[in-house]
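Here the protein sequences line up with chains A and B, keeping their order. Position 45 of the first sequence, counting from 1, maps to 822 under our numbering, and the rest follow consecutively. Position 177 of the second sequence, counting from 1, maps to 194 under our numbering, and the rest follow consecutively. Cβ atoms here follow ideal geometry from the backbone N, Cα and C, with glycine treated the same way. Bear in mind the structure is a predicted one, so any value in this text is a computation, not a measurement.
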Amino acid sequence: MYDVLDARSLARVAQVSVPVSIVIHTSERDRVWAVRKDSMDVPELIRLRIRRQ
Amino acid sequence: MCDPTWFRRLLPIILLLPFVHGCGGDVAGENRGGGIPQWRFEEEIRIGGAESELDLREAAHVVADSTGLYIVDPIAHLVTRISLDGRVDHFLGRPGDGPGELAQAFALQVVGDTVWVQDGMVGLRMEAFYRGRAAESIRPPMHTTNNVLIPWAMAVDGTMIVRNRVVRVEDILALDLYHSATP
Numbered sequence: 778m779y780d781v782l783d784a785r786s787l788a789r790v791a792q793v794s795v796p797v798s799i800v801i802h803t804s805e806r807d808r809v810w811a812v813r814k815d816s817m818d819v820p821e822l823i824r825l826r827i828r829r830q
Numbered sequence: 018m019c020d021p022t023w024f025r026r027l028l029p030i031i032l033l034l035p036f037v038h039g040c041g042g043d044v045a046g047e048n049r050g051g052g053i054p055q056w057r058f059e060e061e062i063r064i065g066g067a068e069s070e071l072d073l074r075e076a077a078h079v080v081a082d083s084t085g086l087y088i089v090d091p092i093a094h095l096v097t098r099i100s101l102d103g104r105v106d107h108f109l110g111r112p113g114d115g116p117g118e119l120a121q122a123f124a125l126q127v128v129g130d131t132v133w134v135q136d137g138m139v140g141l142r143m144e145a146f147y148r149g150r151a152a153e154s155i156r157p158p159m160h161t162t163n164n165v166l167i168p169w170a171m172a173v174d175g176t177m178i179v180r181n182r183v184v185r186v187e188d189i190l191a192l193d194l195y196h197s198a199t200p
């Protein structure tokens, strides 16, 4: 579970859950790049877009 | 307690927290009268994996810009630069522990046209690559009088964030490479 913080106030505005196999590396606005190991233990790079609900 | 100098030193750490800027609306109001909103991720792009031609063995750290990604591969002892469609653009570094070489790379940061690669948890080296070419090798002092500092991350302004392992994890210091590195 990742907390989403407002960059100015640092208030927590939301939470996003991701499978434990996914590690988020970098974020920019509503997109993040993350790394996930596939079934062969080879890393995959995935770009995820945050959908607000 | 509200010493502005101390806050300024902590600022790069704050900027490294997972966040989404510009949430809009009344932040306090969003949370009023209910739980924290739950957002979800939607996959847009996938690169790599066993079926890919991209020979990536490990991805210890990934940094993106508008045209591609830098990937720290500590097993291959190099940094791979790829485009957003997964094609390799170029590599940075080669195996070794000298200037321009990587032995145990674990993180990088892009500062303008320079890519700084953090190499080695013990005996830290900072390897700089300017426009794809090895440019500078720095061994910053990682010891204070009583403590050993653990490299953690690097802010976009070139400030390196280190962790003081003798005290609490939350006790983080900022180390300015350009002013504290040994020749």
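Residue i burial status per 10 Å Cβ neighbour count (16 or more: buried)
i: B/P116; result: exposed
i: B/A67; result: exposed
i: A/I813; result: Note on residue identity: the sequence assigns Arg, not Ile, to residue 813 of chain A. Result: buried.
i: B/G41; result: Its pLDDT being 35, under 50, B/G41 is placed unreliably in this model, and the coordinates cannot settle the point.
i: B/R156; result: exposed
i: B/G149; result: exposed
i: A/M817; result: exposed
i: B/G113; result: exposed
i: B/E144; result: buried
Supposed contact pair residue j and residue i - C-beta distance, whole angstroms, cut 8 Å
i: B/N109; j: B/V132; result: Going by the sequence as given, residue 109 of chain B is Leu instead of Asn. Yes, they are in contact, since the Cβ atoms of B/L109 and B/V132 sit about 6 Å apart, within 8 Å.
i: A/I827; j: B/F58; result: 6 Å
i: B/L71; j: B/V127; result: In fact, because the Cβ distance is near 20 Å, the residues do not count as touching under 8 Å.
i: B/D103; j: B/A120; result: Note that residue 103 of chain B is Gly in the sequence shown, not Asp. No, B/G103 and B/A120 are not in contact; Cβ-Cβ is about 27 Å, not under 8 Å.
Short Cβ contact (8 Å threshold) for residue i with residue j
i: A/W810; j: A/R789; result: no
i: B/V79; j: B/V134; result: no
i: B/R98; j: B/Y87; result: yes
i: A/P796; j: B/G65; result: no
i: A/A784; j: B/I53; result: no
i: B/A76; j: A/L822; result: yes
#### Entry: Ranges of the beta strand (DSSP E) found wholly within the segment 79–137 of chain B, counting only runs of at least 3
85–90, 95–100, 105–109, 122–128 and 131–136
#### Entry: chain A contacts from the segment 89–106 of chain B (Cβ-Cβ distance under 9 Å)
D90, I99, L101 and G103
### Query
When Cβ atoms are compared, which residues of the segment 119–141 of chain B fall closer than 7 Å to chain A?
none
### Cβ-based contacts, 7 Å cut-off: residues of the segment 52–77 of chain B near chain A
I53, P54, Q55, W56, R57, F58, E59, E60, E61, I62, R63, I64, G65, G66, A67, L73, E75 and A76
### Message
Give me the subset of the segment 811–823 of chain A whose CB atoms are less than 7 Å from a CB atom of chain B, sorted by chain position.
### Response
V812, D815, M817, V819, P820, E821, L822 and I823
### Members of the segment 791–809 of chain A near chain B, C-beta cut-off 8 Å
A791, Q792, V793, S794, V795, I801, H802, T803, S804, E805, R806, D807, R808 and V809
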